[in-house]
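For the protein sequence lines, the chains are A and B, in the order given. Using this note's numbering, the letters of the first sequence map in sequence onto residues 1 to 113. Using this note's numbering, the letters of the second sequence map in sequence onto residues 1 to 111. Cβ atoms here follow ideal geometry from the backbone N, Cα and C, with glycine treated the same way. Quick notes on the structure that follows.
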Amino acid sequence: DAGVTQSPTHLIKTRGQHVTLRCSPISGHKSVSWYQQVLGQGPQFIFQYYEKEERGRGNFPDRFSARQFPNYSSELNVNALLLGDSALYLCASSKSGTVYEQYFGPGTRLTVT
Amino acid sequence: QKEVEQDPGPLSVPEGAIVSLNCTYSNSAFQYFMWYRQYSRKGPELLMYTYSSGNKEDGRFTAQVDKSSKYISLFIRDSQPSDSATYLCAMSGFGNEKLTFGTGTRLTIIP
Chain A
1 DAGVTQSPTH LIKTRGQHVT LRCSPISGHK SVSWYQQVLG QGPQFIFQYY
51 EKEERGRGNF PDRFSARQFP NYSSELNVNA LLLGDSALYL CASSKSGTVY
101 EQYFGPGTRL TVT
Chain B
1 QKEVEQDPGP LSVPEGAIVS LNCTYSNSAF QYFMWYRQYS RKGPELLMYT
51 YSSGNKEDGR FTAQVDKSSK YISLFIRDSQ PSDSATYLCA MSGFGNEKLT
101 FGTGTRLTII P
């Protein structure tokens with residue numbers, strides 16, 4: 001079975017630009033979560049979606065938004081990029097939103113210059 | 001103070017040794033305790049999870065949770081060079097939608 005897939009693998013953006021990151025969950029999984037991992041730190045929770053509804057939001061500014069589509073894939077959008085947004089963005093999926101069986105994708109490495 | 005504290009290491013041990021990795025936490029609402037392994041520039045890989053206190057074994061890996069001390073451990077027996085990675089502990093409360101991670105411990109197994 002295919003795992004969680006994310007695209008793109010990496011990208012470089014300029015301050016002030018907008019970025020969209022994409023995630024496809026494991027087949028049969030209905031929940032997607034997004035995390036930000038800064039170099040040398042553990043992942044920080046951004047959002048969780050289950051059945052297209054937002055179930056949780058971490059302590060991130062309104063520049064960060066997300067949505068989940070009918071096929072359970074998801075997008076994370078970040079507006080007005082800052083240098084501090086440079087990080088590995090991880091998507092995780094689970095069958096029903098249970099955090100103890102979340103499986104992560106390889107991540108999208110975002111560099112903001 | 002962070003909710004989850006984890007020694008970042010680095011930790012280097014010879015091949016075949018027993019490795020002990022630990023995390024402490026402050027939030028008594030945490031009920032689920034996970035260990036992830038993360039290779040360089042890759043996503044975290046779930047190794048195992050434990051609910052509440054107790055031990056859980058999976059092959060060469062054993063997870064222990066002591067809720068009275070707010071302390072969790074991961075033991076790796078017969079360590080292999082392929083175990084070289086960063087190990088992240090993560091925790092969550094019952095019905096909670098998010099994982100709270102430690103900073104990760106960077107482990108190197110020396111052949």
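Checklist entry - On the three-pair Cβ rule with 8 angstroms, is the region 93-104 of chain A touching the region 73-88 of chain B? => result no
Next on the checklist: Per DSSP, what are the beta-bridge partners of B/Arg60 in this structure?
Outcome noted: Residue numbering aside, residue 60 of chain B sits at position 60 when the second sequence is read from its first letter. None, per the DSSP bridge assignment.
Checklist entry - Which partner residues does A/Asn77 have in the DSSP bridge list? => result Start at 1 with the first residue of the first sequence, and residue 77 of chain A comes out as number 77. Partner(s): A/Thr20, A/Ser65.
Checklist entry - Does DSSP put B/Asp83 in a helix, in a strand, or in coil? => result Here residue 83 of chain B is taken as the residue at index 83 of the second sequence, counted from 1. If DSSP states are grouped into helix, strand and coil, B/Asp83 belongs with the helices.
Next on the checklist: So, under 8 angstroms CB-CB, B/Thr50 and B/Phe30 are touching, yes? Tell me the CB distance rounded to an integer number of Å.
Outcome noted: As a working mapping, residue 50 of chain B is identified with position 50 in the second sequence. As a working mapping, residue 30 of chain B is identified with position 30 in the second sequence. About 11 angstroms; that fails the 8 angstroms criterion.
Checklist entry - Distance, Cα to Cα, A/Val19 vs A/Asp85? => result By one-based count along the first sequence, residue 19 of chain A stands at place 19. By one-based count along the first sequence, residue 85 of chain A stands at place 85. Going by the C-alpha atoms only, they are around 11 angstroms apart.
Checklist entry - Could you check where the beta strand (DSSP E) with A/His10 kicks off and where it finishes? => result Walking along the first sequence from the start, residue 10 of chain A turns up at place 10. Its beta strand (DSSP E) spans residues 10-13.
Checklist entry - Given a limit of 8 angstroms on CB to CB distance, which residues of the region 84-102 of chain B reach chain A? => result Leu88, Ala90, Ser92, Asn96, Glu97, Lys98, Leu99, Thr100, Phe101, Gly102
Item to check | Spatial distance of A/Ala2 from A/Ile26 (CA atoms) | outcome: Taking the first sequence and counting its residues from 1, one reaches residue 2 of chain A at position 2. Taking the first sequence and counting its residues from 1, one reaches residue 26 of chain A at position 26. Distance between the alpha carbons of A/Ala2 and A/Ile26 is about 6 angstroms.
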